[in-house]
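S.K.:
In the UniProt record's numbering, the protein residues as written are 1 to 169.
#1: CA-CA distance, residue 154 and residue 25?
#2: Keeping to the same chain, check which residues put their C-beta closer than 8 Å to that of residue 1; ignore five residues upstream and five downstream.
#3: In or out: residue 5 buried (at least 16 other Cβ within 10 Å) or exposed?
#4: What does a CB cutoff of less than 7 Å around residue 138 pick up in its chain, not counting 5 residues either side in sequence?
#5: Please give the ranges of any alpha helix (DSSP H) in the UniProt domain "Ferritin/DPS" (15-153), keeping only runs that are unbroken, at least 4 residues long and fully inside the region.
#6: Once DSSP output is grouped into helix, strand and coil, what is the label at residue 4?
#7: Find out if the Cβ-Cβ distance for the pair residue 120, residue 132 is shorter than 7 Å.
#8: Please classify residue 10: does DSSP put it in a helix, a strand, or coil?
#9: Would you call the stretch 45-61 and the stretch 6-14 touching, i.e. three or more CB-CB distances under 8 Å?
#10: Between residue 84 and residue 109, is the Cβ-Cβ spacing less than 7 Å?
#11: Pairing CB atoms from the stretch 74-88 with CB atoms from the stretch 19-33, are three or more of them under 8 Å?
#12: Ordered along the chain, which non-local residues of its own chain (more than five positions away) have a Cβ less than 7 Å from that of residue 43?
#13: Using 8 Å for Cβ pairs, my map puts residue 69 next to residue 18. What's the rounded Cβ distance?
#14: If you draw a straight line from the C-alpha of residue 128 to the C-alpha of residue 150, how long is it?
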């Protein structure tokens with residue numbers, strides 16, 4: 001039964017990008033766990049809870065990404081040593097301030113979002129609508145989390161960009 005109806009040669013680059021995303025998410029997940037365990041200071045309760053929310057979400061995305069690779073009839077990378085070699089996201093010390101933790105997370109989000117866009121590009125070429133749909137939802141969620149962390153880290157006197165009003169003629 002060929003429920004996929006996708007050319008195998010076009011799927012190979014999709015699988016490579018999904019495995020890269022899997023590596024990024026696994027290192028990101030462990031970093032979030034570390035930050036969750038080691039957060040100190042006045043923002044402890046807020047960030048402790050937020051980091052837990054994020055690592056639970058990352059855990060879900062890891063599983064769904066691996067299962068998508070399996071759905072496409074390939075094996076996902078599943079060794080942490082390989083993730084550490086593959087991932088652009090790097091481990092970091094948890095002995096840093098809360099604002100440094102948030103800065104790390106925002107940089108990691110940027111890496112993950114770039115990787116998701118690479119997955120989308122390869123999936124479009126392969127006409128892999130299932131992967132496009134899955135990753136598209138992930139992008140919107142991660143962009144929202146990034147906006148919230150960025151807002152948290154800014155001064156309350158800062159303003160967002162103003163859009164010029166365009167009058168309808």
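Glycine included, C-beta positions come from ideal geometry on N, C-alpha and C.
M.R.: Result, derived from the coordinates:
#1: Rounded to the nearest angstrom, the two C-alpha atoms are 26 Å apart.
#2: Per-residue confidence for residue 1 stands at a pLDDT of 47, beneath the threshold of 50, marking its modelled position as unreliable; the derived number appears in the next sentence. Excluding sequence neighbours, residue 1 sits near nothing in its chain.
#3: Burial call: exposed.
#4: Here the set comprises 61, 116.
#5: Within the UniProt domain "Ferritin/DPS" (15-153), the alpha helix (DSSP H) runs of at least 4 residues that lie entirely inside it are, in chain order, 44-71, 80-86, 98-126, 129-153.
#6: It is coil, neither helix nor strand.
#7: It is a contact, given that the beta carbons lie within the stated cut-off.
#8: The answer is helix: DSSP assigns residue 10 an H, G or I state.
#9: Remark: fewer than three beta-carbon pairs, one from each stretch, lie closer than 8 Å, so the stretch 45-61 and the stretch 6-14 are not flagged as touching.
#10: In this structure, residue 84 keeps its C-beta atom at 7 Å or more from the C-beta atom of residue 109.
#11: Flag = yes, the stretch 74-88 and the stretch 19-33 touch.
#12: Only 98 meet the Cβ criterion.
#13: Between residue 18 and residue 69 the Cβ distance is about 5 Å, and since that is below 8 Å, they are a contact.
#14: For residue 128 and residue 150, the gap between their C-alpha atoms comes out near 33 Å.
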